[in-house]
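Accompanying notes for the structure given below.
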Amino acid sequence: MKLSLLKGISFGLTSGIITTLGLIVGLHSGTHSKLVVLGGIITIAVADAFSDALGVHISEESENKHSTKEIWESTVATFISKFLFALTFVIPVLLFELSVAITISVIWGLFALGILSYFIAKDEKKKVIGVIFEHLIIAILVIILTHFVGDWISS
-12 MKLSLLKGIS FGLTSGIITT LGLIVGLHSG THSKLVVLGG IITIAVADAF
38 SDALGVHISE ESENKHSTKE IWESTVATFI SKFLFALTFV IPVLLFELSV
88 AITISVIWGL FALGILSYFI AKDEKKKVIG VIFEHLIIAI LVIILTHFVG
138 DWISS
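Using our numbering, the first residue of the sequence shown is number -12, and each one after it goes up by one.
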């Protein structure tokens, strides 16, 4: 796969997982409202996907190492991967009671991050377990922190 696409997809997926999980866990603990959580997911899918895509675009431009085509490939790949992956979290929220949907979403997100981390480690010829562990620990910290932020805000 082209490096520009790989950068965009890996960034978009990672951001889609971490940001969306943090948001839905925080919103759930702060409001316990299915409608608020759904609104948050859709907002992340649109606004944050555009924001991340622009961030990747500007970052790639600032390096002065990439062609215009490569920059736009990374930009579009970031947007599409973040947008689509963030929307996958809508499914459990629509299908299940909210606390069950949050649990399913956390499992789904951590599983997807683990798979992505596996492929990154293999591609970089690094210890797979170390890369997966590092990425999952960061994601779990975000989930825990946003849960407590949601609790704090609700009180």
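Backbone N, C-alpha and C define an ideal beta-carbon position, used for all residues, glycine too.
Do you know how far the Cα of residue 115 is from the Cα of residue 105? Position 118 of the sequence shown holds residue 105. Position 128 of the sequence shown holds residue 115. Taking the straight line joining both Cα atoms gives about 6 Å.
Compare the Cα-Cα distances from residue 90 to each of 8, -9 and 1 and report the closest residue. As a first step, residue 90 must be located in the sequence shown, where it is residue number 103. With distances taken between Cα atoms, residue 90 lies closest to 8.
In its own chain, which residues sit with a C-beta less than 8 Å from the C-beta of residue 187, not counting the 5 before and 5 after it? Any answer about residue 187 is impossible in this case: the structure gives the chain only from -12 up to 142.
What would DSSP say about residue 135, mapped onto helix, strand or coil? Taking the first residue of the sequence shown as 1, we reach residue 135 at position 148. Helix at residue 135.
Quick one: using the 10 Å Cβ neighbour count with 16 as the cut-off for buried, is residue 48 buried or exposed? By one-based count along the sequence shown, residue 48 stands at place 61. By the 10 Å Cβ count, residue 48 comes out exposed.
Once the 5 residues before and after residue 128 are set aside, which same chain residues still bring their CB inside 7 Å of it? Locating residue 128 in the sequence shown gives position 141, counting from the first residue. Correct list: empty, nothing qualifies.
Once the 5 residues before and after residue 83 are set aside, which same chain residues still bring their CB inside 7 Å of it? Taking the sequence shown and counting its residues from 1, one reaches residue 83 at position 96. Excluding residues within five positions, the ones whose Cβ falls inside 7 Å are 91.
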